[in-house]
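Trainee: In my numbering, the protein residues as written are 531 to 975.
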């Protein structure tokens with residue numbers, strides 16, 4: 531029986547900064563992966579691995595196609611094994627893409643005190659958004675597997691069209707990549723046809739007509755039902771998520787940028803959400819670390835933790851409006867004498883908003899969400915909404931305070947819209963949201 535192949539080619543684009551670690555620390559505490567010429571790339575192992583991990587079929591389809599799925603991804607057992615039908619080359623940088631690698635600063639926060647941990651400062655390299663990579667994937671199969679493989683190819687294309695996240699810090703908004711439909715080309719080869727054999731051996735794909743996705747089998751129905759909150763907020767006063775420059779002419783600290791845009795980094799927002807969620811859980815008077823660890827993950831920074839786990843919540847990196855950055859010079863005061871501390875003059879450049887316009891949109895979602903987890907995030911949203919949860923640095927001088935404008939909550943194929951006037955929330959939505967909070971209370975009894 532003659533073999534067949536499907537070739538998927540395209541240009542993947544990063545929608546948010548990307549960090550795929552190399553394990554080295556020559557330029558920062560965590561450097562990104564580069565090839566022998568110093569050019570960043572996405573390894574095929576990471577790309578195929580995240581597709582395998584993210585693709586979740588309905589239980590009925592998983593049971594029906596159990597054997598086909600094992601052969602598609604490949605497996606190795608004691609006496610048996612099967613090479614994967616899916617092969618992929620490393621995603622190399624596109625010729626029309628100029629990579630911009632920058633170093634971002636991070637800090638580990640002590641949730642008990644709200645202050646930076648001792649020796650908790652670190653930095654890491656990221657590849658800026660907008661970088662393009664060339665994708666070439668190959669699917670080899672027999673005629674008897676044609677329908678199944680076409681459904682898998684269509685499903686993978688649908689996932690890439692929507693976007694997937696790859697690399698480190700994906701829960702903090704990094705690593706979002708997408709394959710636009712207009713950049714996708716699919717070729718089919720039937721090796722019982724001599725022309726197809728010739729085109730394949732000579733790689734003259736351009737002499738074959740690409741196949742449209744609509745000509746393939748329908749994609750599988752995937753399980754994707756996260757609890758999503760999209761909130762539109764206004765900045766009340768000012769905001770700074772610190773970034774430090776090695777240029778002596780620059781201020782001691784400026785707000786973080788991505789390319790030419792001010793951003794609210796996912797690490798900063800997620801850190802604030804976690805700290806407040808932990809405080810809310812602690813108010814029940816019962817130490818329940820499992821709730822926080824299930825939602826936000828767990829890792830011991832001091833030693834290698836065999837029980838480390840990845841969290842379920844994801845926060846997107848937010849591009850801010852064109853806020854105005856102003857230089858402010860400050861001093862430190864001696865608490866005992868009331869005078870200035872010698873040599874303690876410093877300057878920062880925070881962003882200042884205007885309550886009349888320039889809304890900030892934040893997005894977060896939770897995979898496999900429980901009702902009590904939804905209730906916990908709703909309480910965090912309430913604190914953000916009312917200005918009780920500041921984000922970023924210099925909170926002690928009033929920075930990072932927001933007020934709510936609107937929010938969209940989506941879960942279980944339902945959508946609830948909350949306006950600025952909370953008293954106008956429909957009764958049925960109010961009862962449903964309160965039910966999630968009640969579930970949180972029950973979980974902590």
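Using N, Cα and C, we set each Cβ at its ideal position, and we do this for glycine too.
Which residue's Cα is closest to the Cα of residue 915: 924, 930, 925?
Mentor: Here residue 915 refers to the residue found at position 385 when the chain shown is read from its first residue. Out of 924, 930, 925, 930 has the C-alpha closest to the C-alpha of residue 915.
Trainee: Name, in chain order, the residues that DSSP records as bridge partners for residue 890.
Mentor: Here the question's residue 890 lines up with position 360 in the chain shown. Residue 890 pairs with 763.
Trainee: Out of 704, 843, 974, 731, point me to the one whose CA is closest to residue 495's CA.
Mentor: This structure cannot speak to residue 495, because the chain is shown only from 531 to 975.
Trainee: Leaving out five residues on either side along the sequence, give the residues of the same chain with a beta carbon under 7 Å from the beta carbon of residue 622.
Mentor: What you label residue 622 is simply residue 92 of the chain shown in a count that begins at 1. Within the same chain, residue 622 has close Cβ partners 571, 663, 664.
Trainee: DSSP three-state call for residue 615: helix, strand or coil?
Mentor: Numbered from its first residue, the chain shown carries residue 615 at position 85. Three-state result, residue 615: coil.
Trainee: What are the boundary residues of the beta strand (DSSP E) that residue 878 is part of?
Mentor: Taking the chain shown and counting its residues from 1, the one referred to as residue 878 is at position 348. Where residue 878 is concerned, the enclosing beta strand (DSSP E) stretches over 876–879.
Trainee: Between the Cα of residue 766 and the Cα atoms of 559, 970, 934, which residue gives the shortest distance?
Mentor: On the chain shown, position 236 is the one that residue 766 refers to. Ranking the options by Cα distance to residue 766, first place goes to 934.
Trainee: Comparing alpha-carbon positions, which option in 607, 637, 967 lies nearest residue 650?
Mentor: One-based indexing of the chain shown puts residue 650 at position 120. Answer by Cα proximity: 637.
Trainee: Who pairs with residue 560 in a beta bridge, going by DSSP?
Mentor: Counted from its first residue, the chain shown places residue 560 at position 30. In DSSP, residue 560 forms a bridge with 654.
Trainee: Specify, as a first and last residue, the run of the alpha helix (DSSP H) that residue 958 falls within.
Mentor: What you label residue 958 is simply residue 428 of the chain shown in a count that begins at 1. That run of the alpha helix (DSSP H) goes 957–973.
Trainee: Measure the C-alpha to C-alpha separation of residue 630 and residue 547 and round it to an integer number of angstroms.
Mentor: As a position in the chain shown, residue 630 is number 100, starting the count at 1. As a position in the chain shown, residue 547 is number 17, starting the count at 1. Cα to Cα, residue 630 sits roughly 10 Å from residue 547.
Trainee: Identify which residue in 751, 633, 772 has its Cα closest to the Cα of residue 590.
Mentor: Along the chain shown, read from residue 1 onward, the residue named residue 590 stands at position 60. Comparing Cα-Cα distances from residue 590 to each of 751, 633, 772, the minimum goes to 751.
Trainee: Terminal residues of the continuous beta strand (DSSP E) containing residue 542?
Mentor: Within the chain shown, numbered from 1, the residue matching residue 542 stands at position 12. Start and end: 533–544.
Trainee: Span of the alpha helix (DSSP H) holding residue 798?
Mentor: Taking the chain shown and counting its residues from 1, one reaches residue 798 at position 268. 796–812 is the span of the alpha helix (DSSP H), which, as asked, contains residue 798.
Trainee: From residue 667 to residue 928, what does the alpha carbon distance come to, in whole angstroms?
Mentor: Counting from 1 along the chain shown, the entry for residue 667 is found at position 137. Counting from 1 along the chain shown, the entry for residue 928 is found at position 398. Rounded to whole angstroms, residue 667 to residue 928 spans 51 Å at the Cα level.
Trainee: In whole angstroms, give me the CA-to-CA distance for residue 603 and residue 806.
Mentor: Within the chain shown, numbered from 1, the residue matching residue 603 stands at position 73. Within the chain shown, numbered from 1, the residue matching residue 806 stands at position 276. Roughly 41 Å between the two C-alpha positions.
Trainee: Hey, would you say the C-beta of residue 678 is under 7 Å away from at least one heavy atom of the ligand COA?
Mentor: The ligand content of the structure shown is nil, which means the ligand COA is not present either.
Trainee: Anyone know if the C-beta pair for residue 549 and residue 562 falls short of 8 Å?
Mentor: Position 19 of the chain shown, counted from the first residue, corresponds to residue 549. Position 32 of the chain shown, counted from the first residue, corresponds to residue 562. Result yes, Cβ atoms of residue 549 and residue 562 sit closer than 8 Å.
Trainee: Around the Cβ of residue 695, are there at least 16 other Cβ atoms within 10 angstroms (buried) or fewer (exposed)?
Mentor: Residue 695 sits at position 165 when you count from the first residue of the chain shown. It counts as buried.
Trainee: To the nearest angstrom, how far is the alpha carbon of residue 801 from that of residue 639?
Mentor: For the purposes of this step, residue 801 is taken as the residue at position 271 of the chain shown. For the purposes of this step, residue 639 is taken as the residue at position 109 of the chain shown. Cα-Cα distance, rounded: 8 Å.
Trainee: Expressed to the nearest angstrom, what Euclidean distance is found between the alpha-carbon atoms of residue 652 and residue 699?
Mentor: Here residue 652 refers to the residue found at position 122 of the chain shown. Here residue 699 refers to the residue found at position 169 of the chain shown. Cα to Cα, the separation comes out at about 14 Å.
Trainee: With the cut-off set at 8 Å, would you say residue 854 and residue 908 are in Cβ contact?
Mentor: Here residue 854 corresponds to residue number 324 of the chain shown, with the count starting at 1. Here residue 908 corresponds to residue number 378 of the chain shown, with the count starting at 1. No, the pair does not count as a contact, with Cβ atoms beyond the cut-off.
Trainee: Between 601, 960, 894, which has its C-alpha nearest residue 610's C-alpha?
Mentor: Your numbering for residue 610 matches position 80 in the chain shown. That would be 601, whose Cα lies nearest to the Cα of residue 610.
Trainee: Sorted by chain position, which residues of the same chain lie with C-beta nearer than 8 Å to residue 782's C-beta, five sequence neighbours on each side aside?
Mentor: As a position in the chain shown, residue 782 is number 252, starting the count at 1. Excluding positions up to five away in sequence, the list reads 774, 876, 877, 878.
Trainee: Under 7 Å Cβ to Cβ from residue 746, same chain only, skipping five residues before and after it: list those, please.
Mentor: Locating residue 746 in the chain shown gives position 216, where the first residue counts as 1. For residue 746, where only same-chain residues beyond five positions count, the Cβ hits under 7 Å are 680, 683, 684.
Trainee: Mapping DSSP to helix, strand and coil, what is residue 549?
Mentor: For the purposes of this step, residue 549 is identified with residue 19 of the chain shown, where counting begins at 1. It is coil, neither helix nor strand.
Trainee: To the nearest angstrom, report how far apart residue 820 and residue 533 are at their CA atoms.
Mentor: Working through the chain shown from its first residue, we reach residue 820 at position 290. Working through the chain shown from its first residue, we reach residue 533 at position 3. Straight-line Cα distance between these residues: approximately 51 Å.
Trainee: How would you write the range of the alpha helix (DSSP H) that residue 775 sits in, first residue to last?
Mentor: Working through the chain shown from its first residue, we reach residue 775 at position 245. From DSSP, residue 775 is part of no alpha helix (DSSP H); its letter is neither H nor E.
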